[in-house]
Amino acid sequence: MGIYQRDSRWMVYWNQDGKRHDKSFGRGDLAQARAAAFNSAVLDALEQGLPIPDPDSVAGAVLAANTASTGDMAANQAITPQPSGMTLAVLGKKYLDHMRASGRTEKHIKNIDHLLNYVFVPVLGDKPINSLTYQDDMIPFILHFKGVSNRTGKVRSQYTVNKYCDYVSFIFNFGIDNGFTSVNPLKHWKKPKVQPWDLKLTVEDVKKIIAHAEPHLQWAMEVCFNLGTRPGESELLSLRWQDIDFKDGTIRIYASKTKTYRTVPINPDFLKRMEEVRKSSISGYVIEYMGRSLTTIRKAFKNACQRAGITYPTRMYDLRHLFATTLLSKGADLAAVSKMMGHSTVKMTADTYYHYMEGEKERAVRLLPGLSIA
Numbered sequence: 001m002g003i004y005q006r007d008s009r010w011m012v013y014w015n016q017d018g019k020r021h022d023k024s025f026g027r028g029d030l031a032q033a034r035a036a037a038f039n040s041a042v043l044d045a046l047e048q049g050l051p052i053p054d055p056d057s058v059a060g061a062v063l064a065a066n067t068a069s070t071g072d073m074a075a076n077q078a079i080t081p082q083p084s085g086m087t088l089a090v091l092g093k094k095y096l097d098h099m100r101a102s103g104r105t106e107k108h109i110k111n112i113d114h115l116l117n118y119v120f121v122p123v124l125g126d127k128p129i130n131s132l133t134y135q136d137d138m139i140p141f142i143l144h145f146k147g148v149s150n151r152t153g154k155v156r157s158q159y160t161v162n163k164y165c166d167y168v169s170f171i172f173n174f175g176i177d178n179g180f181t182s183v184n185p186l187k188h189w190k191k192p193k194v195q196p197w198d199l200k201l202t203v204e205d206v207k208k209i210i211a212h213a214e215p216h217l218q219w220a221m222e223v224c225f226n227l228g229t230r231p232g233e234s235e236l237l238s239l240r241w242q243d244i245d246f247k248d249g250t251i252r253i254y255a256s257k258t259k260t261y262r263t264v265p266i267n268p269d270f271l272k273r274m275e276e277v278r279k280s281s282i283s284g285y286v287i288e289y290m291g292r293s294l295t296t297i298r299k300a301f302k303n304a305c306q307r308a309g310i311t312y313p314t315r316m317y318d319l320r321h322l323f324a325t326t327l328l329s330k331g332a333d334l335a336a337v338s339k340m341m342g343h344s345t346v347k348m349t350a351d352t353y354y355h356y357m358e359g360e361k362e363r364a365v366r367l368l369p370g371l372s373i374a
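So that you can map any letter, position 215 of the sequence shown is 215 in the UniProt record's numbering, and since no number is skipped, the others follow by simple counting.
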């Protein structure tokens with residue numbers, strides 16, 4: 001529980017009966033004082049096992065006190081000075097505008113906006129960023145997220161904790177780069193290594209899932225597997241027919257994650273399949289549903305896996321992994337696969353997928369000539 005700002009409005013949040021509650025008190029110094037008073041009243045009520053007080057009554061008392069004596073209020077402020085400097089809530093709003101200007105996807109911007117308002121700011125509060133320290137503020141922040149998620153009821157994975165810290169660190173660095181703030185209290189944080197995803201999906205199981213999938217998902221899975229795209233709006237669902245050169249048999253894929261283009265050759269047999277599907281397309285997008293483009297297919301994929309009897313954890317992203325591992329296991333050139341995946345370096349591809357190239361080390365040593373003179 002605590003105080004935070006959303007769109008310059010002072011908010012208080014608290015948890016009661018397993019549910020989160022948020023209350024707005026408006027904008028300005030008086031709203032901040034009303035929010036602080038109600039937050040203290042909520043803390044007292046929860047500690048004593050009493051009902052949560054009426055926020056308007058608590059805030060009304062603050063308003064009355066303010067009206068009765070402006071001089072007293074000034075004196076109180078002199079005794080307890082308000083913190084100064086840019087808070088995470090204010091800097092976060094500037095960062096969101098920066099992402100919009102940089103062409104980031106609206107889905108990603110909404111995700112960061114949600115995390116700021118409902119995850120990060122409620123934990124860090126309205127303390128100025130320049131006063132935050134790693135020891136006193138960021139370690140508690142990290143430990144908080146190592147706990148149980150209110151949304152899922154499960155302990156957050158180290159991957160999620162790392163991702164949250166990365167997002168906040170990006171915002172801190174943005175503040176420094178633009179002169180809004182002077183410190184990144186996460187500067188000395190060392191990201192723990194995360195255990196690699198255990199890829200269990202096989203080509204045989206992909207066929208089972210496709211057999212139980214809706215038509216639009218069947219086609220999406222085919223495209224993802226044959227082109228090695230990242231699923232979702234970042235690549236797969238943003239593909240347009242105009243991106244395909246049917247004469248040369250290639251497709252130009254824009255990766256919003258890296259802001260780069262890459263050209264991927266298309267298997268001749270699958271190219272013919274794409275030519276057939278294009279004839280009935282309405283939206284102009286390679287993947288569509290009832291003539292409209294899609295923003296997600298995650299739920300459809302999950303349901304198809306359940307119907308197919310797939311019991312191990314798997315994701316649509318595993319089709320991209322399967323694209324790479326299948327090619328490499330069949331002897332494809334590592335550098336070529338790296339280019340088609342859109343990786344920044346061949347080393348990144350090798351570190352991720354080399355262990356899937358069964359028998360490569362054994363084949364390599366067999367190339368050595370014998371030195372025996374007998």
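Quick reminder that beta carbons are idealized off the backbone N, C-alpha and C, glycines included.
| Check | Outcome |
| --- | --- |
| Helix, strand or coil at N130 [DSSP, three-state] | helix |
| Assumed close pair Y13, P128 - CB separation to whole angstroms, cut-off 8 Å | Actually they are not in contact, since the Cβ atoms of Y13 and P128 sit about 20 Å apart, beyond 8 Å. |
| Status (buried if at least 16 other CB within 10 Å, exposed otherwise) for L43 | exposed |
| Cβ-based burial, P83 [other Cβ within 10 Å; buried from 16] | Unreliable placement is indicated for P83, whose pLDDT of 47 sits below 50; no coordinate value is reported for it. |
| Sequence ranges, beta strand (DSSP E) only - wholly within the region 187-267, length at least 3 | 250-255 and 260-265 |
| Residues bridged to I3 (per DSSP) | V12 |
| Local Cβ density within 10 Å of A41, reported as buried at 16 or more and exposed below that | buried |
| Pair within 9 Å by beta-carbon distance, I209 and F323 | no |
| DSSP state of R27 mapped onto helix, strand, coil | coil |
| Per DSSP, the bridge partner or partners of E288 | S293 |
| Contact check, N173 vs V194, beta carbons under 9 Å | no |
| Pairwise C-alpha distance: V148 and G228 | 34 Å |
| Of the residues A308, I310, G309 and A350, the one placed nearest L327, counting alpha carbons only | A350 |
| Whole-angstrom distance between Y159 and G153, CA atom to CA atom | 17 Å |
| From G331, L132, R252 and T345, residue whose alpha carbon lies closest to that of T87 | L132 |
| Coil, strand or helix - G54 by DSSP | Here residue 54 is Asp; the residue named in the question, Gly, does not match the sequence. It is coil, neither helix nor strand. |
| 9 Å Cβ cutoff met for P265 and M316 | no |
| Where the alpha helix (DSSP H) through M99 begins and ends | L88 to A101 |
| Limits of the unbroken alpha helix (DSSP H) element including T349 | V346 to Y353 |
| Bounding residues of the alpha helix (DSSP H) (the contiguous stretch that carries Q135) | Counting along the chain, Q135 falls outside any alpha helix (DSSP H), and DSSP gives it neither H nor E. |
| DSSP three-state assignment for A74, whether helix, strand or coil | Only weak support exists for where A74 lies, its pLDDT of 47 falling under 50; the coordinates are left without a value. |
| Contact the region 278-286 vs the region 255-262: 3+ CB pairs below 8 Å | no |
| Length of the line joining the Cα atoms of A78 and H21 | Here A78 scores only 45 on pLDDT, less than 50, and its place in the model should not be relied on; the value that follows carries that caveat. Approximately 32 Å, taken between the alpha carbons. |
| Anticipated Cβ contact below 8 Å, N117 with R6, distance rounded | 5 Å |
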